[in-house]
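A.B. asks: In the order they appear, the protein sequences are chains A and B.
The opening residue of the first sequence carries number 23 in the working numbering; numbering runs sequentially from there.
The opening residue of the second sequence carries number 23 in the working numbering; numbering runs sequentially from there.
We treat Cβ as the ideally placed atom computed from N, Cα and C, and that holds for glycine.
There are 2 protein chains.
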Amino acid sequence: MSTESARGRAPSIRDVARVAGVSHQTVSRVLNEHPSLRDSTRQRVLDVMQELQYRPNRAARALVTSRSRTIGVLTSRSAQYGPASSIQAIEEAAREGGYLVLTANILAKDSDSIREALAHLMEQDVEGLVIIAPQVRVFDALAELSLDIPFVTMQSTGRLDDHELSVDQIAGARLATRHLIELGHRDIYHLAGPQDWIEAEARMRGFLEEMSAQDVPTTAPILGDWSSEFGYYVGREMLRLRDFTAIFSSNDQMALGLIHAIREAGLDVPRDISVVGFDDIPEAAHFWPPLTTVRQDFAELGRRCMSLLLDGLGGMHGAGGGGGAYRGNVMPELVVRQSTAAPSR
Amino acid sequence: MSTESARGRAPSIRDVARVAGVSHQTVSRVLNEHPSLRDSTRQRVLDVMQELQYRPNRAARALVTSRSRTIGVLTSRSAQYGPASSIQAIEEAAREGGYLVLTANILAKDSDSIREALAHLMEQDVEGLVIIAPQVRVFDALAELSLDIPFVTMQSTGRLDDHELSVDQIAGARLATRHLIELGHRDIYHLAGPQDWIEAEARMRGFLEEMSAQDVPTTAPILGDWSSEFGYYVGREMLRLRDFTAIFSSNDQMALGLIHAIREAGLDVPRDISVVGFDDIPEAAHFWPPLTTVRQDFAELGRRCMSLLLDGLGGMHGAGGGGGAYRGNVMPELVVRQSTAAPSR
DNA sequence: CTGCTGCGTGTGCACGTTCACATGGGGAAC
DNA sequence: GTTCCCCATGTGAACGTGCACACGCAGCAG
């Protein structure tokens, strides 16, 4: 049964063409779903492709079209629940749209390593960029480079309106803060994320805005690093004064550390101190006590980002898809569980 | 200053060659670090590259060499801490070795979607494969396809010796189980992961092996789904009988759910019931009580996988690197915290 | 019958790179 | 002084695909 052609080399459109008795261009037309093709011809070519196990050569196609059909994801902390969920959704959406996803992690936090990661992606001729690296510096580096490819960021900086798509962090933070105030708390601390993180800053702003809107005297936020470890240690420090009845933590992990410290000091959550987190990681519902927090739909965000980006690329290669890019931010949602209650005194 | 050449199109080696006054082949040699090149020539070419902002075209190179310099990662649940950490390490190692990483998620759990994800990767001409999709089915699909490219799996199935690199799950599970037995527990349950997960099965086997080695009567393991949610519900069921003093959970998330259920029933961990987990996710140290668990170094595993794979590919394009592939499994480590204690009765 | 239009298909080139081979020049060995 | 070889460089082809263009044929209007 062996055809006399292929000698170790993968079949090309020319091989298919020869066997099917057409020109290579006709085969190319079948691949690209050209409208004017006789059905019988198309079918014959498809059959031969099947028979020869033909697979189009990505490199050749990219070379001649100068489209890589690849989008890059610039990220940091991609092992974290939030980013990881978004990336997964992005990949799925990209695959559907006929695109590939390349991710580059920012290793250190200096701007050199940001540039390096970005350069790495650009070297691969990515056609678009999704940025889930929420440090302020990333955007400085971005502005500096004046990218000539479409990109979307998952954080709102306020300076790149067209390119931004995010969960409304300020609204989420206000939700959490209002919840505490409505329960009757007046002495509320905010454990913020690192200052150079856009989202950390937005959550902090939301906290401060809501506090002042409700005429509650604000306290200076404490700056953390997102980790449970930090939450634990800062919690131990805070408890030496104990001049508060509630804490709004900028993420769930730090909230977990805080609760650990509080409980270790012999106090109870929420009886003595209320704690509210941010993100709603899957484990939050089973913290002890189950954590009141603000849910973000990371996957939805990822999907919308890709939709926006593909729209900008004029993508949509395969069937299906259809829907135009839906903009607008994703709204966060307060999930009240058992780590918050009215203050006891 | 504008050179008369490039009209919108990115500069190619021929453009560089023309400006530098050499042939395109010489430029190519500079790119590929050919030994016999006069230093002055090399420098001149490099200068022109800089000046023209030349960037090599990946597609053209891939076309002629028929090497994509891309490796694929087949994964499921990539949003989870373990896989995500490994992927991040893999990416970093790949970048260093001059490779790109493409990940494909297995969406559903049927074998069709496994084949689909695998096909997606193969379509991109990946040169190697890392498999972090620990379902048994994946390996069936793999065997069926009889891949002609190098691959490494992050789970040990026992049937693919050469390609396997993993944390020794059995040893880890035995460590955890022995710890409980040494504390004096005799009525120990194991909350296992889904049966079709290789690691779940290995951990279960480790549990059973250690129990029988120590002559402790074994109980039938309970099958879970990795989620905190499941841990919580199964915990509530188990507590109706309460014929045990310790539980070894197959991962930390389920352990968290278990503790939630135990505490909700008015019992204490570890006073009434000891719990030990598996993975040592970063949050585990701040569970209440801090969780005794088995630590796996996911990042190290990822790094070794890439090393093994690059070795098989004869990779190592850039400088540095050096070290030959180190095989051998990564050993897990028991981390004793406060969720385990001697039984009270 | 002639000319025009559009459909289905074929021909040749271009994309940017590497590979195989060719070439000239300079030094070492005879 | 001739021969040989290696170094430094150049020449042309090839990789697999898509694009611009050309071509024949059928249908239809004039």
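Run down chain B in chain order and give the residues with a C-beta less than 8 Å from the C-beta of Arg250 (chain A).
C.D. replies: The displayed chain sequence assigns Ser, not Arg, to residue 250 (chain A). Chain B residues near Ser250 (chain A): Pro304, Glu305, Ala307 and His308.
A.B. asks: Can you tell me whether DSSP reads Gly346 (chain B) as helix, strand or coil?
C.D. replies: Note that Gly346 (chain B) scores a pLDDT of 43, beneath 50, so its modelled location is shaky; the value from the coordinates is reported in the next line. Coil at Gly346 (chain B), not helix or strand.
A.B. asks: Near Ala242 (chain B), which residues of its chain fall below 7 Å by C-beta distance, leaving aside the five closest residues on each side in sequence?
C.D. replies: Excluding residues within five positions, none has a Cβ falling inside 7 Å.
A.B. asks: Thinking Arg91 (chain B) and Ser133 (chain B) are a contact (beta carbons under 8 Å), I'd like their distance in whole angstroms, please.
C.D. replies: Rounded, the Cβ-Cβ distance is 30 Å, inconsistent with contact.
A.B. asks: So what's Ser272 (chain A) in DSSP terms, helix, strand or just coil?
C.D. replies: Coil at Ser272 (chain A), not helix or strand.
A.B. asks: Starting from the C-beta of Val52 (chain B), find all residues in its chain whose C-beta is less than 7 Å away, skip the five residues before and the five after it, and write them out in chain order.
C.D. replies: Once the five neighbours on either side are set aside, the close Cβ partners of Val52 (chain B) are Leu59, Arg64, Val67 and Leu68.
A.B. asks: Ile109 (chain A) and Ser108 (chain B) - do their beta-carbons sit closer together than 9 Å?
C.D. replies: Cβ atoms of Ser108 (chain B) and Ile109 (chain A): not closer than 9 Å.
A.B. asks: Give me the Cβ distance between Gly369 (chain B) and Phe300 (chain B), rounded to the nearest whole Å; I'm assuming they're in contact under 8 Å.
C.D. replies: With chain B covering only 23 through 367, there is no way to say anything about residue 369 (chain B).
A.B. asks: Would you identify the three-state DSSP class for Val160 (chain B), choosing helix, strand or coil?
C.D. replies: Correct three-state label for Val160 (chain B): helix.
A.B. asks: May I have the straight-line CA-CA distance separating Ala287 (chain A) from Glu118 (chain A), to the nearest angstrom?
C.D. replies: C-alpha separation (whole angstroms): 52 Å.
A.B. asks: How about Ile281 (chain A): is its C-beta nearer than 9 Å to some C-beta of chain B?
C.D. replies: For Ile281 (chain A), the answer is yes, since a Cβ of chain B falls inside 9 Å of its Cβ.
A.B. asks: What are the residues in the segment 263 to 297 of chain A lying within 8 Å of chain B by C-beta distance?
C.D. replies: Answer set for the segment 263 to 297 of chain A: Gln275, Leu278, Gly279, Ile281, His282 and Arg285.
A.B. asks: Assign Met260 (chain B) to buried or exposed, taking buried as 16 or more other Cβ atoms, counted over all protein chains shown, within 10 Å of its Cβ.
C.D. replies: Buried, since its Cβ has 16 or more Cβ neighbours within 10 Å.
A.B. asks: Quick one: what does DSSP say His282 (chain B) is sitting in, helix, strand or coil?
C.D. replies: Three-state result, His282 (chain B): helix.
A.B. asks: Indicate whether Arg279 (chain B) and His308 (chain A) have their beta-carbon atoms separated by less than 9 Å.
C.D. replies: Inspection of the sequence shows that residue 279 (chain B) is occupied by Gly rather than by Arg. Yes, Cβ-Cβ distance for Gly279 (chain B) and His308 (chain A) is below 9 Å.
A.B. asks: Taking the beta carbon of Arg325 (chain B) as the centre, do at least 16 other beta carbons fall within 10 Å, making it buried, or is it exposed?
C.D. replies: Answer is buried; the Cβ neighbour count reaches 16.
A.B. asks: Tell me which same chain residues have a C-beta within less than 6 Å of the C-beta of Tyr254 (chain A), skipping the five on either side of it?
C.D. replies: Around Tyr254 (chain A): Gly279, His282 and Ala283.
A.B. asks: For the segment 107 to 129 of chain A, list every residue whose C-beta sits within 8 Å of some C-beta in chain B, in sequence order.
C.D. replies: Per Cβ criterion, the list reads Ser107, Ile109, Gln110, Glu113, Glu114, Arg117, Leu122, Val123, Leu124, Thr125, Ala126, Asn127 and Leu129.
A.B. asks: Assuming Pro33 (chain A) and Tyr76 (chain A) are in contact, meaning their beta carbons sit under 8 Å apart, how far apart are those beta carbons, in whole angstroms?
C.D. replies: Sure, about 5 Å apart at Cβ, within 8 Å.
A.B. asks: Once DSSP output is grouped into helix, strand and coil, what is the label at Val189 (chain A)?
C.D. replies: It is a strand residue.
A.B. asks: Look up Asp16 (chain A) in the DSSP assignment and say whether it is helix, strand or coil.
C.D. replies: Lying outside 23 to 367, the shown extent of chain A, residue 16 (chain A) is not represented and no answer is given.
A.B. asks: Can you grab the Cα-Cα spacing for the pair Leu332 (chain B) / Gln146 (chain B), in whole Å?
C.D. replies: Approximately 18 Å between the Cα atoms of the pair.
A.B. asks: Within 9 Å (strictly less), CB to CB, does Tyr76 (chain B) reach chain A?
C.D. replies: Cβ-Cβ to chain A under 9 Å: no for Tyr76 (chain B).
A.B. asks: Of all the options A:Arg317, A:Glu232 and A:Glu221, which has the alpha carbon lying nearest to the alpha carbon of Asp247 (chain A)?
C.D. replies: When only C-alpha atoms are compared, the closest one is A:Glu221.
A.B. asks: With DSSP as the reference, label Val52 (chain A) as helix, strand or coil.
C.D. replies: In the structure shown, Val52 (chain A) sits in a helix (DSSP, three-state: H, G or I).
A.B. asks: Taking the continuous alpha helix (DSSP H) assigned at Ile136 (chain B), which residues delimit it?
C.D. replies: Start and end: Ser133 to Glu145.
A.B. asks: Are Asn79 (chain A) and Leu85 (chain B) touching if we call contact CB-CB under 9 Å?
C.D. replies: Yes, they are a contact pair.
A.B. asks: Here's the rule I'm using: 16 or more other beta-carbon atoms within 10 Å means buried, otherwise exposed. How should Leu313 (chain B) be labelled?
C.D. replies: Answer is buried; the Cβ neighbour count reaches 16.
A.B. asks: Would DSSP call Ser34 (chain A) helix, strand or coil?
C.D. replies: Ser34 (chain A): coil per DSSP, three-state reduction.
A.B. asks: Would you report the Cα separation of Asn54 (chain B) and Gly334 (chain B), rounded to the nearest angstrom?
C.D. replies: Roughly 21 Å separates the two Cα atoms.
A.B. asks: Excluding the 5 residues preceding and the 5 following Arg359 (chain A) in the sequence, name in chain order all residues of the same chain whose CB lies nearer than 8 Å to its CB.
C.D. replies: Answer for Arg359 (chain A): Ala306, Ala307, Pro311, Pro312, Leu313, Thr314 and Thr315, listed in chain order.
A.B. asks: With respect to the beta strand (DSSP E) encompassing Leu151 (chain A), which residues constitute its N-terminal and C-terminal limits?
C.D. replies: Where Leu151 (chain A) is concerned, the enclosing beta strand (DSSP E) stretches over Gly150 to Ile154.
A.B. asks: Do Val38 (chain A) and Met71 (chain A) count as a contact pair if the criterion is CB distance below 9 Å?
C.D. replies: Yes, Cβ-Cβ distance for Met71 (chain A) and Val38 (chain A) is below 9 Å.
A.B. asks: To which residues does DSSP link Glu355 (chain B) through a beta bridge?
C.D. replies: Per DSSP, B:Arg317.
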